[in-house]
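Colleague:
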Amino acid sequence: MVNRNYSVIRQRNSTVYQFYFDRVSITTITTEEKILKDIKSSDKIEFIFLVHKYMEKLVFTVLLILTSVMILGCSQKSPEKDNLSSGQINHQSNINQDNSNVTSENTLPNETVPVSNESDEMGNDEFRDFNEEEDEFSDVDELDEMGDEFGDLDSLDEGIEDNQEDEIYDPFEGYNRTMTDLNDGLYLYILDPVASGYAYVVPEGGRKGVSNFIDNLFYPIRLVNNILQAKFYCAGKETLRFVINCTIGILGIFDPAEDWFGIEPCVEDFGQTLGFWGVGPGPHFVLPFLGPSNFRDMFSLYPDSFYDLIARIKPLERQVLFRAFKAVNTTSLHLGEYQLFKKDAYDYYLFFRDAYEQNRQKLIEE
Numbered sequence: 001m002v003n004r005n006y007s008v009i010r011q012r013n014s015t016v017y018q019f020y021f022d023r024v025s026i027t028t029i030t031t032e033e034k035i036l037k038d039i040k041s042s043d044k045i046e047f048i049f050l051v052h053k054y055m056e057k058l059v060f061t062v063l064l065i066l067t068s069v070m071i072l073g074c075s076q077k078s079p080e081k082d083n084l085s086s087g088q089i090n091h092q093s094n095i096n097q098d099n100s101n102v103t104s105e106n107t108l109p110n111e112t113v114p115v116s117n118e119s120d121e122m123g124n125d126e127f128r129d130f131n132e133e134e135d136e137f138s139d140v141d142e143l144d145e146m147g148d149e150f151g152d153l154d155s156l157d158e159g160i161e162d163n164q165e166d167e168i169y170d171p172f173e174g175y176n177r178t179m180t181d182l183n184d185g186l187y188l189y190i191l192d193p194v195a196s197g198y199a200y201v202v203p204e205g206g207r208k209g210v211s212n213f214i215d216n217l218f219y220p221i222r223l224v225n226n227i228l229q230a231k232f233y234c235a236g237k238e239t240l241r242f243v244i245n246c247t248i249g250i251l252g253i254f255d256p257a258e259d260w261f262g263i264e265p266c267v268e269d270f271g272q273t274l275g276f277w278g279v280g281p282g283p284h285f286v287l288p289f290l291g292p293s294n295f296r297d298m299f300s301l302y303p304d305s306f307y308d309l310i311a312r313i314k315p316l317e318r319q320v321l322f323r324a325f326k327a328v329n330t331t332s333l334h335l336g337e338y339q340l341f342k343k344d345a346y347d348y349y350l351f352f353r354d355a356y357e358q359n360r361q362k363l364i365e366e
């Protein structure tokens, strides 16, 4: 009887246990399905959030470009002003030509003026003064010879007009000079000493390898801007360089693409892309820490940040430290050059301003 009751209880308990395990398994399955549904819904929400985020950046970039184009368009000289200035120059040249004709007609020929023997001392003095004035008129031939030696004066005038048209637009010169002095102090008293100590510790080969590795990270920016400028051959070269340097060059530490195969980089950025499609540089502007720039290149930093791998470094403190390390490493490879340029320049602000604008224009025209 006891055994029978025990067996019944045992059978009943096993049924309960089996029912409990079934419920747990059912509950587990239900929970897994719910989690999967939550994951799918969260993926959709995250995807929508990313699309919204990048669409917002795209719209902001387009508005920024349109604003910069409007600002730069307003800063350009109007054709009416150019026509007016050319008309004034032509009018002035016609006046000068008429004056030269009148002068040539009124110039006395080199003839001997007869003087009577009855002239007194006063008459001789007047005659002597007249001959001296005549000699002054004869110096025009010497001026013509000097003009032939120095070249055509018309070509000189054209060169002056071209220089006036190519004059750099610098309405913020006061601010730019102040910021240039600030950057100069930061370079001389902070960046240069740190870079000198870094160069003393790390050999040049190691610093060059670091520079190659960092330059290899900017491949997406160069690729996108070469494509935007329809330079597909250069885009192919950049891709080939990236593949070779990442494999044979050990993650870009070495540069066998250029050293062994002669594949030179095609450095492009969004500022050059805007310049390629006709957007002018706009006002010159000096950025803190970054140095000389202009409105076109300054606004181009934001679109380039979409493809900047360094900008993906999180948190922001690590990104700032990495960029500071990049600046120190780059400076260590060019120690003494800044001081040399500054020493030879009469006005180092104008020197660096003109050098920057001319170099950017050269890169755009290449």
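The sequence shown maps to residues 1 to 366 in the numbering used here.
For glycine and all other residues, C-beta sits at the position ideal for the given N, C-alpha and C.
Looking only at its own chain, which residues have a Cβ that is under 8 Å from the Cβ of I364, when we skip the five neighbours before and after it?
Modeller: So the list reads Q272, G275 and F276, once near-sequence residues are dropped.
Colleague: Pull up the CB-CB distance for S196 and L333, whole angstroms please, since I reckon it's below 8 Å.
Modeller: Not a contact, Cβ separation roughly 12 Å.
Colleague: Taking its Cβ as the centre, do 16 or more other Cβ atoms sit within 10 Å of D297, making it buried, or is it exposed?
Modeller: By the 10 Å Cβ count, D297 comes out buried.
Colleague: Taking the CB atoms as reference points, tell me whether N245 and N226 lie closer together than 8 Å.
Modeller: Against a cut-off of 8 Å, the Cβ pair of N226 and N245 comes out as no contact.
Colleague: Is the stretch 254-272 in contact with the stretch 331-346, if contact means three or more CB pairs nearer than 8 Å?
Modeller: Not touching, per the Cβ criterion.
Colleague: How long is the line joining the alpha carbons of F367 and N359, rounded to whole angstroms?
Modeller: Since the first residue of the chain shown is 1 and the last is 366, residue 367 is not available in this structure.
Colleague: In terms of residues, what are the limits of the alpha helix (DSSP H) holding P315?
Modeller: First-last for P315: undefined, no H or E at that position.
Colleague: For V201, which of helix, strand or coil comes out of DSSP?
Modeller: Here V201 sits in helix by DSSP.
Colleague: So, helix, strand or coil for V286, using DSSP?
Modeller: Of the three classes helix, strand and coil, the one that applies to V286 here is strand, per DSSP.
Colleague: Considering only their Cβ atoms, is the gap separating E204 from L223 smaller than 8 Å?
Modeller: Cβ atoms of L223 and E204: not closer than 8 Å.
Colleague: Between F270 and S300, is the Cβ-Cβ spacing less than 8 Å?
Modeller: For F270 and S300, yes; Cβs fall inside 8 Å.
Colleague: So, with DSSP's three-state summary, where would you put S293?
Modeller: If DSSP states are grouped into helix, strand and coil, S293 belongs with the strands.
Colleague: So, using beta-carbon positions, are M327 and Q319 closer together than 8 Å?
Modeller: Per the sequence presented here, residue 327 reads as Ala, with Met not at that position. Contact: no.
Colleague: Starting from P171, trace the alpha helix (DSSP H) in both directions and tell me its first and last residue.
Modeller: Counting along the chain, P171 falls outside any alpha helix (DSSP H), and DSSP gives it neither H nor E.
Colleague: Going by C-alpha to C-alpha distance, which of Y200, G249, I190 and A235 sits closest to F213?
Modeller: Among Y200, G249, I190 and A235, the Cα nearest to that of F213 belongs to G249.
Colleague: R241 and I221 - do their beta-carbons sit closer together than 8 Å?
Modeller: For I221 and R241, no; Cβs fall outside 8 Å.
Colleague: Regarding N216 and the ligand ZN, is the C-beta to nearest heavy atom distance less than 7 Å?
Modeller: With respect to the ligand ZN, the structure offers nothing, as it holds no ligand at all.
Colleague: Assuming D184 and T331 make a contact with CB atoms under 8 Å, what is their CB distance in whole Å?
Modeller: That belief does not hold up - the Cβ atoms of D184 and T331 are roughly 14 Å apart, past 8 Å.
Colleague: Starting from the C-beta of R177, find all residues in its chain whose C-beta is less than 6 Å away, skip the five residues before and the five after it, and write them out in chain order.
Modeller: Excluding residues within five positions, the ones whose Cβ falls inside 6 Å are Y349.
Colleague: Measuring only the C-alpha atoms, how far is L321 from R353?
Modeller: If I take the Cα positions, the gap works out to 28 Å.
Colleague: Hey, M179 and P281: beta-carbon distance below 8 Å or not?
Modeller: Contact flag unset, no.
Colleague: Assuming Y356 contacts P292 under a Cβ cut-off of 8 Å, what Cβ separation, rounded to an integer in Å, is found between them?
Modeller: Confirmed, about 4 Å.
Colleague: Do P283 and D170 have their C-beta atoms closer together than 8 Å?
Modeller: In this structure, D170 lies closer than 8 Å to P283 by Cβ.
Colleague: If I'm right that L335 touches A235 with Cβ under 8 Å, what's the distance once you round it to whole angstroms?
Modeller: In fact, because the Cβ distance is near 34 Å, the residues do not count as touching under 8 Å.
Colleague: If I follow the unbroken alpha helix (DSSP H) through P220, where does it start and stop?
Modeller: Looking at the DSSP string, the run of the alpha helix (DSSP H) that includes P220 is Y219 to L228.
Colleague: From E173 to E268, what does the alpha carbon distance come to, in whole angstroms?
Modeller: Taking the straight line joining both Cα atoms gives about 28 Å.
Colleague: Does DSSP classify Y307 as helix, strand or coil?
Modeller: Note: Y307 maps to coil in three-state DSSP.
Colleague: Would the beta-carbon of C266 fall within 8 Å of that of K314?
Modeller: Not in contact: C266 and K314 (Cβ atoms no closer than 8 Å).
Colleague: Give every residue of the same chain whose Cβ lies closer than 6 Å to the Cβ of D304, excluding the five residues on either side of it in the sequence, and list them in chain order.
Modeller: Contacts found: I221, D269 and F270.
Colleague: With DSSP run on the structure shown, which of helix, strand or coil describes D192?
Modeller: D192: helix per DSSP, three-state reduction.
Colleague: Excluding sequence positions up to five away, which residues of its chain have a Cβ less than 8 Å from the Cβ of R377?
Modeller: Look at the range of the chain in this structure, 1 to 366, and you will see that residue 377 is not part of it.
Colleague: Take the Cβ of G209 as the centre, count every other Cβ of all protein chains shown within 10 Å, and call the residue buried at 16 or more, exposed below.
Modeller: Buried, because 16 or more other Cβ atoms sit within 10 Å of the Cβ of G209.
Colleague: According to the neighbour-count rule (16 or more other Cβ atoms, all chains shown, within 10 Å of its Cβ), is E317 buried or exposed?
Modeller: Exposed, by the Cβ-count rule.
Colleague: Need the endpoints of the alpha helix (DSSP H) that F270 sits in, please.
Modeller: Element bounds for F270: F270 to F276.
Colleague: For I168, I'd like the list of residues in its chain whose CB is within less than 6 Å of its CB, leaving aside the five on either flank, ordered along the chain.
Modeller: Here the set comprises H284 and E357.
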